[in-house]
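Below is one structure; the comments refer to it alone.
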Amino acid sequence: MQQATRTRAAIVVSLWIILACTHARAADINLSGTVVASACTVDAETKDQTVTFEQARAVDYPNVSDTSEWQDFALTLSACPASTTQVTVTFTGDADNDDPTKFANTQGDATGMALQIMSRDHITEISPQGVLAVNVDSISRSATFPLSARLYTPTGYVTAGEFKAVVQFSFTYQ
Numbered sequence: 001m002q003q004a005t006r007t008r009a010a011i012v013v014s015l016w017i018i019l020a021c022t023h024a025r026a027a028d029i030n031l032s033g034t035v036v037a038s039a040c041t042v043d044a045e046t047k048d049q050t051v052t053f054e055q056a057r058a059v060d061y062p063n064v065s066d067t068s069e070w071q072d073f074a075l076t077l078s079a080c081p082a083s084t085t086q087v088t089v090t091f092t093g094d095a096d097n098d099d100p101t102k103f104a105n106t107q108g109d110a111t112g113m114a115l116q117i118m119s120r121d122h123i124t125e126i127s128p129q130g131v132l133a134v135n136v137d138s139i140s141r142s143a144t145f146p147l148s149a150r151l152y153t154p155t156g157y158v159t160a161g162e163f164k165a166v167v168q169f170s171f172t173y174q
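The sequence shown begins at 1 in full-length UniProt numbering and counts up by one.
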């Protein structure tokens, strides 16, 4: 009789385990992400580019907003995938203390001068943290940002020395 009771108890426990397993509930797992366009190739002439200005004399900048001549340069990308239709560039660098819409002379000892960057048509000014977008040419699969830069005095009080501003850029692809 004890043996029969043990057998019945084992059967009841087994049934509870089976019933517990059959009452398992399904759960939904939601996953999400972003599909982005592929990157273009940054041309060799664009990487580590240096824009050189003619020698400037401090006495030639006595007034607020005096500037040097424009120096043209470009950021060029090629081999853009067909899925990439637009490229946006973000410019980063230290803002000038006297005019935060210009880039600061961070590595030179000249004072009273800043760097102004604009689109080549001189319509759109690029400030620190500024962005500019261009469409990718559907035939050549390239994108070019034609730009111009010049020295600019926000104060009219310029002292002699070296001028070096560092501007970094990053690209976003759409």
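From the three backbone atoms N, C-alpha and C, an ideal C-beta is built for every residue, glycine too.
What's the C-alpha gap between Gln174 and Pro128?
Here the question's residue 174 lines up with position 174 in the sequence shown. Here the question's residue 128 lines up with position 128 in the sequence shown. Going from the Cα of Gln174 to the Cα of Pro128 covers about 22 Å.
Does the Cβ of Ala165 have 16 or more other Cβ atoms within 10 Å, making it buried, or fewer, making it exposed?
Taking the first residue of the sequence shown as position 1, residue 165 is located at position 165. Buried: at least 16 other Cβ atoms inside 10 Å.
I'd like the span of the beta strand (DSSP E) that includes Ile117, first residue to last.
On the sequence shown, position 117 is the one that residue 117 refers to. It spans 114-119 - the beta strand (DSSP E) in which Ile117 sits, taken as one unbroken run.
Rounded to whole angstroms, how far is the Cβ of Gly112 from the Cβ of Thr67, which I believe are closer than 8 Å?
If you number the sequence shown from 1, residue 112 lands on position 112. If you number the sequence shown from 1, residue 67 lands on position 67. With a Cβ gap of about 13 Å, Gly112 and Thr67 do not count as contacting.
Does the region 125-141 come close enough to the region 54-70 to have 3 or more Cβ pairs within less than 8 Å?
no
Looking only at DSSP bridge pairs, what is Met173 linked to?
Here the question's residue 173 lines up with position 173 in the sequence shown. Before going on, a small fix: residue 173 reads as Tyr here, not Met. Looking at the DSSP assignment, Tyr173 forms a beta bridge with Val87.
Are the CB atoms of Lys102 and Asp109 nearer to each other than 7 Å?
Here residue 102 refers to the residue found at position 102 of the sequence shown. Here residue 109 refers to the residue found at position 109 of the sequence shown. Their beta carbons are not under 7 Å apart, which means Lys102 does not touch Asp109 by this criterion.
Exposed unless 16 or more other CB atoms sit within 10 angstroms - verdict on Ala104:
Reading the sequence shown from its first residue, position 104 is the one you call residue 104. Looking at its Cβ environment, which holds 16 or more other Cβ atoms inside 10 Å, Ala104 is buried.
If I measure Cβ to Cβ from Thr46 and keep anything under 8 Å in the same chain, skipping five residues before and after, which residues do I get?
Here residue 46 is taken as the residue at index 46 of the sequence shown, counted from 1. Correct list, in chain order: Ala74, Leu75, Thr76, Leu77.
Which residues in the same chain as Ala160 place their Cβ atom closer than 6 Å to its Cβ, once the five residues preceding and following it in sequence are excluded?
Translated into positions along the sequence shown, residue 160 becomes position 160. Closer than 6 Å at the Cβ level, and outside the excluded window around Ala160, lie Ala58.
Would Leu151 and Phe53 be called neighbours here (beta carbons separated by less than 7 Å)?
Numbered from its first residue, the sequence shown carries residue 151 at position 151. Numbered from its first residue, the sequence shown carries residue 53 at position 53. A contact, by the Cβ cut-off of 7 Å.
Contacts around Gln107, its chain only, beta-carbon distance under 7 Å, and the 5 residues preceding and following it disregarded:
Residue mapping note: residue 107 aligns to position 107 of the sequence shown, counting from 1. Taken in chain order, the residues that qualify are Lys164, Val166.
With DSSP as the reference, identify every bridge partner of Ala95, one or two as the case may be.
Counting from 1 along the sequence shown, the entry for residue 95 is found at position 95. According to DSSP, Ala95 bridges with Phe103.
To which residues of the same chain is Arg120 closer than 7 Å at the C-beta, ignoring the five residues directly before and after it?
Within the sequence shown, residue 120 is the residue found at index 120, counting from 1. Result list for Arg120: Asp72, Pro146, Leu147, Ser148, in chain order.
Helix, strand or coil at residue 176 according to DSSP, with G and I counted as helix
The question about residue 176 has no answer, for the chain in this structure spans 1 to 174.
Rounded to whole angstroms, what is the Cα-Cα separation between residue 176 and Leu132?
The chain is shown from 1 up to 174; residue 176 falls before or after that span and cannot be answered.
Could you give the distance in angstroms between the alpha-carbon of Cys80 and the alpha-carbon of Asp48?
Position 80 of the sequence shown holds residue 80. Position 48 of the sequence shown holds residue 48. Approximately 20 Å between the Cα atoms of the pair.
C-beta atoms of Val87 and Val42 nearer than 7 Å:
Locating residue 87 in the sequence shown gives position 87, counting from the first residue. Locating residue 42 in the sequence shown gives position 42, counting from the first residue. Contact flag unset, no.
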